[in-house]
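Please read the structure below before turning to the comments.
Numbering (this note's numbering), first residue to last: 1 to 225.
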């Protein structure tokens, strides 16, 4: 059963609307937009189809409401963990990804919805999803750079470009992982922890290329001392 804990934060949410959101999250996170059935959603929610149309207009409106709720839950959880975010460039990068891992472990439906939304790109919602993806990135990228110490990065590298390089590399690895696990019932969630461990090993390799060796070595000595 998909974990729905904590995603719907509004205590005043109308009960039938909550039932529809709960059922839709299960359906869309497991099957994606195209194969997700509104008939199955209303059946599982125990409400009439008229209720779905009343609250969300149509299947697309319901799907986008789920996407928006998952995005807001994602940022609320990540931001809560940013209070203890390290200032080191690579340590910050790993901190954000570890925060994502903790969230996905707590609420795997968010991971599965991310795959169903941003990797599957339902054609009927493409324009709306592309808009949400752009808004997501505008909020997501600053998490890596705000108040981060880039002094250990070699002078010839621009920190912004270094970040975009890292994110592009991680995006390529993530897409490869999702493609390899797309047909699994959980979209590969069972193995996502080992995937993040693999990402950390790639980060270590990239650090060798981007950091000033003498300074980074001295810094490691301080950290180990």
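Even glycine gets a Cβ: it sits at the ideal position worked out from N, Cα and C. None of the values given here were measured: they were computed from a predicted structure.
Expected contact under 8 Å - CB spacing of residue i and residue j to nearest Å
{"i": "residue 119", "j": "residue 178", "result": "5 Å"}
{"i": "residue 145", "j": "residue 163", "result": "6 Å"}
{"i": "residue 66", "j": "residue 101", "result": "About 22 Å separates the two Cβ atoms, so there is no contact after all."}
{"i": "residue 110", "j": "residue 70", "result": "5 Å"}
{"i": "residue 149", "j": "residue 204", "result": "Not a contact, Cβ separation roughly 18 Å."}
{"i": "residue 125", "j": "residue 103", "result": "Rounded, the Cβ-Cβ distance is 23 Å, inconsistent with contact."}
{"i": "residue 93", "j": "residue 139", "result": "Residue 93 to residue 139, Cβ: 17 Å. No contact."}
{"i": "residue 108", "j": "residue 189", "result": "5 Å"}
DSSP state of residue i mapped onto helix, strand, coil
{"i": "residue 22", "result": "helix"}
{"i": "residue 182", "result": "coil"}
{"i": "residue 177", "result": "helix"}
{"i": "residue 36", "result": "coil"}
{"i": "residue 58", "result": "coil"}
{"i": "residue 122", "result": "coil"}
{"i": "residue 11", "result": "coil"}
{"i": "residue 187", "result": "coil"}
{"i": "residue 48", "result": "coil"}
{"i": "residue 171", "result": "helix"}
{"i": "residue 141", "result": "coil"}
{"i": "residue 72", "result": "helix"}
Counterpart residues of residue i in DSSP-defined beta bridges
{"i": "residue 88", "result": "149"}
{"i": "residue 242", "result": "There is no way to answer for residue 242, as the model of the chain reaches only from 1 to 225."}
Inter-residue Cα distance where the pair is residue i and residue j
{"i": "residue 258", "j": "residue 159", "result": "For the chain, the structure presents residues 1 to 225; residue 258 sits outside this window and is missing."}
{"i": "residue 31", "j": "residue 116", "result": "8 Å"}
{"i": "residue 206", "j": "residue 99", "result": "21 Å"}
{"i": "residue 186", "j": "residue 155", "result": "43 Å"}
{"i": "residue 210", "j": "residue 15", "result": "53 Å"}
{"i": "residue 56", "j": "residue 134", "result": "23 Å"}
{"i": "residue 191", "j": "residue 147", "result": "32 Å"}
{"i": "residue 72", "j": "residue 8", "result": "10 Å"}
{"i": "residue 96", "j": "residue 48", "result": "41 Å"}
{"i": "residue 127", "j": "residue 168", "result": "22 Å"}
{"i": "residue 79", "j": "residue 131", "result": "22 Å"}
{"i": "residue 61", "j": "residue 28", "result": "13 Å"}
{"i": "residue 64", "j": "residue 175", "result": "22 Å"}
{"i": "residue 105", "j": "residue 13", "result": "25 Å"}
{"i": "residue 2", "j": "residue 11", "result": "Unreliable positioning characterises residue 2 in this predicted model, as indicated by a pLDDT of 47, which lies under 50. A coordinate reading is not provided."}
{"i": "residue 24", "j": "residue 213", "result": "51 Å"}
Check whether the region 48-63 touches the region 14-24, taking contact to mean three or more Cβ pairs, one atom from each stretch, closer than 8 Å.
yes
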